[in-house]
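Notes follow once the structure below has been shown.
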Amino acid sequence: MVGIAAVGGALSGARAFMDGLGPLDLAAAEHRSTIVVDRDGRLLRPFVTVDGRWRLPLDPSEVDTDYLKLLYAYEDDRFRQHGGVDWRAMGRAVVQFATSGRVVSGASTLTMQVARLIEPRDERNVAAKLRQIARAAELERRFTKDQILAIYLRLAPEGGNIEGIRAASYAYFGKEPRRLSHAEAALLVALPQSPELRRPDRRPDLARRARDRVLDRALAKGVLNAAEVARAKAEAVPTGRQPFPVHAPHLSEQLVAERPEERVHRTTVDARLQTSLEALAGARVQGLGPKVSVAILVVDNATGEVHAHVGGADYFATERAGSVDLARAFRSPGSALKPFIYALAFENGIAHPETVLEDRPARYGAWAPENFDQSFHGTVTARRALQNSLNVPAVELLGAVGPARLIARLKAAGAEIEMPREAAPGLAVGLGGLGIRLVDAARLYTAFARGGETISLTWRRDEPGSETDRHRFVDAVSAWYVADILKGAPPPTNGAQGLIAFKTGTSYGYRDAWAVGFDKRWTIAVWVGRPDGAPVVGLVGRLVAAPILFDAYARIGTPPETVPQPRDTLVATSTTLPPPLRHLRRDIPKTVSAATEAALAISFPPDGARIDLGLARFGPEVAGPLALKALGGVPPLVWMVNGVPVTTAGSRRTAFWQPDGAGYSQVSVIDARGSTASVRVRLD
C-alpha cells in the first residue's frame, strides 16, 4: 500500500508540475526569414528576421535523406518510435552515470531538443530536464513526427545568427540542403550540440573533430560503410561563411514592401536566366565607366510574366547607385518609340510600309530635326526609314498622326508617361522628348508580338494576367507591319540579320541607350546609362544596348519564333499601292481650292459605335454589307478597314464593306491630297 501511495503521489506531483507550466508558446518558433523564390521555388533572396537571424523556412522533404539518417543515428535513432521521451535511452544514461560517475551517453530526444529550442533555459538541473520531458510529451500530442522534425530543422542553432539546416547549408556550403555530401551532412548534425564552440568559420579544428565523431557513430550503427567514412573525413571543413543569394534584389525589395506580412514571395522569375543576365550586365558595364549601369527585362508575351528583372548592374555598387531600380526609372527613350508612330500611321491609313517618304531638311518653327548621322537620305520607303531610324520621316508621320493622339494611345495601353512642362505634346516627343520607364517600354512592345494588344506585366506567380489587363494599341495588321519592318533592322556585330525584331534609341546628349527586341514568344528590353542622367561619350543604343539585347536573347536558349502574318495584310510595292498610299504628301489638284474644300470626315459609322452584324444595312429595307460614308475631302477617296483597301465602291463618298466577323475594326478614308479620317467601331 505504501508503494502504491508513493507512485500515486509521484504521478499527482508530475501532473501538477505539468499543469503549472502553462501552454507552450510557439510564437517565437514561428518567426522565420522572409524569402523570395523564383517560379520553381529556387531561392532568389532571403531576409533576416526582425532580431537579425537567418532562419529559412524548410520542409523535411527538402533535406538530403543522408543527412536525416546521420541525424537519427547520432541524436535519436528511435525518434519514430518513442512518444517524445526515449525511456530506454534514459534508463541506460542513468545506469552509465551511476556506474562511471560521468555522462557516457545522452538521453535527450529530438522532441526534447525542440522543446528546449522553443523555451530556451540556462539551467541544467533535474527541474529543467523534467520541464523538457513535459514539453516533449505536449509536442507529441499536438504535432506529427514530421512537424516536430520540421521545427528542429528550422530552429537548430548552427553558429552565430545561423539557425536551421537550410540557412546553415547556404552559409557554409553555398547551396540548398537537398544534396549534401556525407561530410557536409555530418557537420550540420554536429553543430547544434555546441554551435559557438564548433563554428567552422572560427574553430575549424573543433568543427572537424565534432564532424568526425558523427561519422564514427554512423559507421558503428551501419549507416555508412568504412569507405564512405574515410572519404568524408578526407573532405575539408569550410573555414568561412558564404554570402546568401542576392538575386533580383530590386524586385525582391519591392515585393516584400508590398506585402510585408508574407514570408514566402513566389515570383515569375527564372533564377537561371536571372543570374545569367545579372552576370551579363555586370560584365558589360566594366568597359563603360564606373558610374554606368544596365537594366534588363525579359517578358513572356503570352502571359506578361517577367522571367528576368535586372534593375541594375551591381546592387552593392554605390558609385552606380546600385540600390536604385533603373527598370522603373523615367528616362528619355530617344528613337525607341518611333515604331508606335508608324503603327498609328499604318492603322489610320496615313501610310503603308512601302509608302514613299521624304528624308530632306525640314523646319517646324524654330526646330529643324536632323538624323543621327547628320545627313539626309532623300526619297525612302517607310520601311527603310524605320529600319534606319530616320528622324525627319518620323516627325512628319507624327505630325500627321498627332502627338496628343500618340501620347493618349500610349497611356491607354497602360504606359506611364512623364511629360515636360508645356501646354501640349509637341513633335519632339517622337524623338525622345518625354520620359518612360523600361517596364512600360517592354509592355508596349508586347503589342507587336500579340497582334496589336498589350498585356500588363506580372512579377508574382499568384497574380496571373486577366482580361482587364489587356489593351489594344493598334490593329493586328498594323502591328505586324511594324514587326516585319523591325525584323529587317541592321543587327549589331554580335547579332544575326532577321533573328529578332528590334529597335534602338539614344537620348539627347548620349544620356540613355535603349534596345527593345521581340519575337512571338519573348520581349526583351535593355537600358544603359548613368543613374544620375549625366552624358556618357559613345553611349549609343545600336552600339551599346543592342549587343546586350542580342546576348540576352541568346541566353534564353529557345529558337526564335516569327510573329504570324494576319490574314488580311496588304502586301504590295510602292508602285502597286493604292494611289493615296504611294506617297505621304501629294500636291493638291489645281482645280480645287484647299481653303474652300471641307475637311475630310467619316459620317458613318460614328467613332466608337457598336454595330450588330445582323442589322448592318444600307437604307431602311435592303440587307447587305456595312455602308461607309464620308464628308468633305478631295475625291477620289480610298477606303481601308484594318489596313486593307475596300474595293466595293458606291457613290463618290460611299463604299460598302462586308465584315468577316465580330470584334474591333479601324475604318479609314484617304482623299486625293493624302488627308485621312479614321473611326474605330465594334462589331457584335
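Numbering (the working numbering), first residue to last: 11 to 694.
Just so it is clear, CB atoms sit at the ideal spot from N, CA and C, and this is done for glycine as well.
Reduced DSSP secondary structure (H/G/I, E/B, other) of residue i
i	result
E428	strand
L509	coil
Y84	helix
Y518	coil
T664	strand
G445	strand
R683	coil
G629	Confidence at G629 is low in this model, with a pLDDT of 40, below 50, so its placement is unreliable and no value can be given for it.
K421	helix
V651	strand
D369	strand
R164	helix
E245	coil
R65	strand
Y374	strand
R470	strand
R42	coil
R141	helix
R460	coil
G341	Note that residue 341 is Arg in the sequence shown here, rather than Gly. Looking at R341 - three-state DSSP - the assignment turns out to be strand.
Rounded distance between the beta-carbons of residue j and residue i, thought under 8 Å
i	j	result
L190	D74	4 Å
V644	D578	Contact flag wrong, Cβ pair sits at about 27 Å.
Q397	G314	The pair is not a contact, with the Cβ atoms about 28 Å apart (cut-off 8 Å).
R145	L307	In fact, because the Cβ distance is near 51 Å, the residues do not count as touching under 8 Å.
I680	G359	5 Å
L610	S685	5 Å
D69	A160	6 Å
Segment limits, beta strand (DSSP E) that includes residue i
i	result
Q676	G673 to I680
G388	G388 to T391
I306	S303 to D310
S688	T686 to L693
S613	A611 to F614
R480	R480 to R482
E463	E463 to I465
L54	L53 to P56
H275	V274 to R276
Extent of the continuous alpha helix (DSSP H) run through residue i
i	result
K185	Unbroken run through K185: none, as it is neither H nor E.
V405	N401 to V411
P259	P259 to E268
L127	L120 to I128
R219	P214 to A230
G292	A281 to R294
F254	Premise fails: F254 is in no alpha helix (DSSP H) and is neither H nor E.
Y563	A556 to I566
H192	H192 to A200
R592	P589 to R592
Top-ranked residue by Cα proximity to residue i, from the options
i	options	result
R90	K155, A564 and R471	K155
D695	A361, P363 and E380	Look at the range of the chain in this structure, 11 to 694, and you will see that residue 695 is not part of it.
Y82	A195, E168 and R188	A195
L165	E263, E40, R552 and L448	E40
R592	T464, R393 and D670	R393
P67	F386, I306, P187 and L400	P187
D697	S118, K79 and P501	There is simply no residue 697 to check, as the chain begins at 11 and stops at 694 in what is shown.
V266	T586, V46, V536 and S678	V46
T121	L149, R141 and F183	L149
A200	K185, R213, R212 and R223	R223
R221	K231, Q203 and I427	Q203
T586	T365, G618, L416 and G51	T365
G505	I495, G527 and A438	G527
P205	A486, A544, L127 and Y374	L127
V320	I534, P545 and H92	I534
Sheet register partners of residue i (DSSP bridge)
i	result
A318	V308
W97	Answer is none; W97 lacks a bridge partner.
W524	G515 and W537
I360	Answer is none; I360 lacks a bridge partner.
K639	F614 and T664
Y491	Looking at the DSSP assignment, Y491 forms no beta bridge with any residue, so it has no partner.
R49	None; R49 has no bridge partner.
R209	Bridge partners of R209: none, in fact.
W532	D310
I172	W64
I621	L693
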